[in-house]
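Residue numbers (our numbering), protein chains in the order written: chain A, 60 to 262; chain B, 673 to 882.
Built from N, CA and C at the ideal position, the CB exists for glycine as well.
What follows is a set of notes on a single structure, which appears directly below.
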Amino acid sequence: MWGLLHCLHCLESFLDIIRHESVQIFTDNSNVVRVMGQGSTDLRLNDIVLRTISLTIKHDISLLPTWVPRDQNKIADGLTHLEGPCDWTLMADVFQKIIAPWGLPTIDRFASHSNHLLDRFNSMLRCPGSVGINALAQRDWLEHFNWCFPPFNLIPSVTSIIRQFSAASILVLPLWPSSSWWPLLSKGQHSFLLYTVVACYHA
Amino acid sequence: MLHNSYENYLYIPALLGGRLINYLDDFLFLVSDSQSTAHRQLVLDTFKSAGLAINESKSHLQFTRLLTHLGFVIDLDPGSFEVPQERWESLQQLITEALSRQKVLVHLLSRIAGHLSSMNLAIGPIALIKSRQCHSYLQQYSLQFCVAISDSLRDELTYWSHLSRTHFREKIWPSPFTSDISIWCDDGAASWGGCHDGESKIAGTRFLPP
């Protein structure tokens with residue numbers, strides 16, 4: 060099922076490029092090619108095929124699923140190893156607790172299709188539904204109330220861009236006073252307001 | 673007798689410079705129109721010498737570019753297969769009957785699924801893909817069972833009820849597919865990735881479909 064779903068994600072991710080075009084999509088999963096062509100008695104699979112067909116009709120795309128040997132699919136294969144344990148998100152109740160005093164942000168700046176907390180979101184790479192790739196390259200920070208829960212290595216860049224745009228933002232950080240970026244939070248004319256939320260994991 | 677005479681049939685298209693398509697005792701001769709009259713006589717003579725009688729009321733012995741053969745309309749002008757009007761109406765009657773009820777016999781769903789599957793040549797893969805709800809009932813229940821129509825099955829039947837016969841015209845000679853864009857995709861143990869012509873890259877983590 061995953062292979063079929065991921066083909067659909069690929070098409071959705073490249074929608075701006077493939078609209079009104081003839082597209083050949085290569086996969087090393089021969090079942091995906093077969094099921095795309097004839098559907099499946101597994102109704103979950105068939106539903107994905109129908110969603111794919113609807114997408115191609117809606118956006119005027121001619122689609123040809125094609126099998127390739129695994130050794131000719133190395134770039135896509137390499138990309139499957141990019142994300143994993145670092146792709147985190149806040150639990151919904153913690154998110155609600157944090158935003159309660161300020162209201163709902165309008166954009167999730169560091170997210171993906173699988174973990175976004177808001178309808179509008181930016182992502183590191185293309186993914187279905189993303190309104191912009193690489194939050195730090197976006198120029199619309201001032202137009203939004205930004206929700207930022209960035210990877211820790213990006214925290215200095217994020218504090219910098221929030222200051223640059225004077226953008227209303229909620230920035231979620233680890234409580235880490237000894238870190239190199241901690242002094243940046245109180246530097247300059249506009250310092251960050253600090254709030255602490257203790258999140259407990261419960262299964 | 674059929675075996676002995678078969679060589680004669682195979683010999684005909686070679687003489688005509690055309691093609692013979694046969695299914696059991698149904699024969700379709702594809703020849704160029706310039707010599708069709710001579711070819712017609714040759715076909716009739718060969719059948720006669722093989723001892724086979726032609727059912728003239730069911731046969732079409734004149735050259736034509738539009739013909740119903742083995743349940744499909746073959747139209748050489750657009751080069752397409754189409755579903756004959758009476759078959760389409762028969763399908764629509766069954767669907768209307770099913771949609772007018774809350775519960776239906778699985779046998780009725782079987783007939784609908786059978787109709788759609790048999791139209792695959794003219795309708796294309798959507799005939800199978802968009803009849804899977806019917807097929808799922810056939811897998812679960814015997815034909816005598818009476819089952820409630822689920823919302824998804826109703827959606828599937830409604831889809832067909834809104835379409836006209838001429839909506840579907842599969843090409844007899846489809847043009848080779850030429851792609852403007854190539855996309856490669858792969859899925860790993862916990863994530864997926866893809867790239868477009870080796871340049872733009874995408875990736876994501878698995879999540880359950882809604």
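Burial state of residue i (16 or more Cβ within 10 Å)
i	result
residue 725 of chain B	exposed
residue 889 of chain B	In the structure as shown, chain B begins at 673 and stops at 882. Residue 889 of chain B is therefore absent and cannot be evaluated.
residue 695 of chain B	exposed
residue 144 of chain A	Its pLDDT being 46, under 50, residue 144 of chain A is placed unreliably in this model, and the coordinates cannot settle the point.
residue 79 of chain A	exposed
residue 799 of chain B	buried
residue 205 of chain A	buried
residue 261 of chain A	For residue 261 of chain A, the predicted model reports a pLDDT of 40, less than 50, meaning its position is unreliable and no value from the coordinates is stated.
residue 802 of chain B	buried
residue 105 of chain A	buried
residue 62 of chain A	buried
residue 822 of chain B	exposed
residue 208 of chain A	buried
residue 218 of chain A	buried
residue 759 of chain B	buried
residue 791 of chain B	buried
residue 804 of chain B	buried
residue 228 of chain A	buried
residue 773 of chain B	exposed
residue 183 of chain A	buried
residue 185 of chain A	buried
residue 703 of chain B	buried
residue 236 of chain A	exposed
residue 150 of chain A	exposed
Residue i: contacting residues in chain B (beta-carbon distance under 8 angstroms)
i	result
residue 116 of chain A	Correct list: empty, because the minimum Cβ distance to chain B is about 10 angstroms.
residue 89 of chain A	Neighbours of residue 89 of chain A on chain B: none; closest Cβ ~13 angstroms, over 8 angstroms.
residue 86 of chain A	856, 857, 858
Straight-line Cα distance separating residue j from residue i
i	j	result
residue 780 of chain B	residue 74 of chain A	40 angstroms
residue 701 of chain B	residue 714 of chain B	12 angstroms
residue 839 of chain B	residue 693 of chain B	26 angstroms
residue 127 of chain A	residue 198 of chain A	40 angstroms
residue 134 of chain A	residue 140 of chain A	11 angstroms
residue 755 of chain B	residue 837 of chain B	7 angstroms
residue 768 of chain B	residue 829 of chain B	9 angstroms
residue 782 of chain B	residue 98 of chain A	18 angstroms
residue 158 of chain A	residue 101 of chain A	41 angstroms
residue 813 of chain B	residue 826 of chain B	18 angstroms
residue 154 of chain A	residue 233 of chain A	15 angstroms
residue 690 of chain B	residue 68 of chain A	47 angstroms
residue 81 of chain A	residue 72 of chain A	16 angstroms
residue 173 of chain A	residue 108 of chain A	20 angstroms
residue 2 of chain A	residue 169 of chain A	What is shown of chain A runs 60 to 262, which leaves residue 2 of chain A out entirely.
Where the alpha helix (DSSP H) through residue i begins and ends
i	result
residue 241 of chain A	Segment: none, residue 241 of chain A is in no alpha helix (DSSP H) and carries neither H nor E.
residue 65 of chain A	61–72
residue 110 of chain A	102–117
residue 760 of chain B	757–771
residue 137 of chain A	133–138
residue 720 of chain B	708–721
residue 809 of chain B	804–812
residue 788 of chain B	778–790
residue 825 of chain B	823–833
residue 801 of chain B	798–801
residue 699 of chain B	Careful: residue 699 of chain B lies outside any alpha helix (DSSP H), inside the beta strand (DSSP E) at 698–702.
Within chain A, the residues that residue i reaches when beta carbons sit closer than 8 angstroms
i	result
residue 797 of chain B	96, 97, 98
residue 801 of chain B	97, 98, 105, 108, 109, 112
residue 849 of chain B	81, 83, 121, 123
Proximal residues of chain B, C-beta to C-beta of residue i below 7 angstroms
i	result
residue 140 of chain A	860
residue 180 of chain A	Residues of chain B passing the Cβ test: none, with the nearest at roughly 12 angstroms.
residue 69 of chain A	855, 857, 866, 874
Opening and closing residue of the beta strand (DSSP E) in which residue i lies
i	result
residue 231 of chain A	Unbroken run through residue 231 of chain A: none, as it is neither H nor E.
residue 204 of chain A	Element bounds for residue 204 of chain A: n/a, residue is neither H nor E.
residue 86 of chain A	81–86
residue 212 of chain A	Residue 212 of chain A -> no beta strand (DSSP E), and no H or E assigned at all.
residue 754 of chain B	752–754
residue 741 of chain B	738–741
residue 181 of chain A	180–182
residue 694 of chain B	691–695
residue 167 of chain A	166–170
Under 7 angstroms from the C-beta of residue i: neighbouring residues of chain A
i	result
residue 811 of chain B	100
residue 853 of chain B	76, 77, 80, 82
residue 808 of chain B	100, 102
Heavy atom of the ligand GDP within 7 angstroms of residue i beta-carbon
i	result
residue 708 of chain B	The model on display carries no ligand, and the ligand GDP is accordingly not part of it.
Proximal chain A residues relative to residue i, where beta-carbon distance stays under 9 angstroms
i	result
residue 805 of chain B	102, 105
Amino acids of chain B, ordered along the chain, whose beta-carbon sits closer than 9 angstroms to that of residue i
i	result
residue 132 of chain A	856, 857, 858
For the pair the region 771–780 of chain B and the region 812–830 of chain B, tell me if three or more CB-CB distances fall below 8 angstroms. yes
Okay, do the region 803–814 of chain B and the region 855–869 of chain B touch, 3+ Cβ pairs below 8 angstroms being the bar? The count of Cβ pairs closer than 8 angstroms, one atom from the region 803–814 of chain B and one from the region 855–869 of chain B, stays below three, leaving the stretches out of contact.
With three or more C-beta pairs closer than 8 angstroms as the rule, is the region 837–856 of chain B touching the region 748–761 of chain B? yes
Is there contact between the region 104–114 of chain A and the region 82–89 of chain A, where contact requires at least three CB pairs shorter than 8 angstroms? In short, these stretches do not touch, since the Cβ pair count stays below three.
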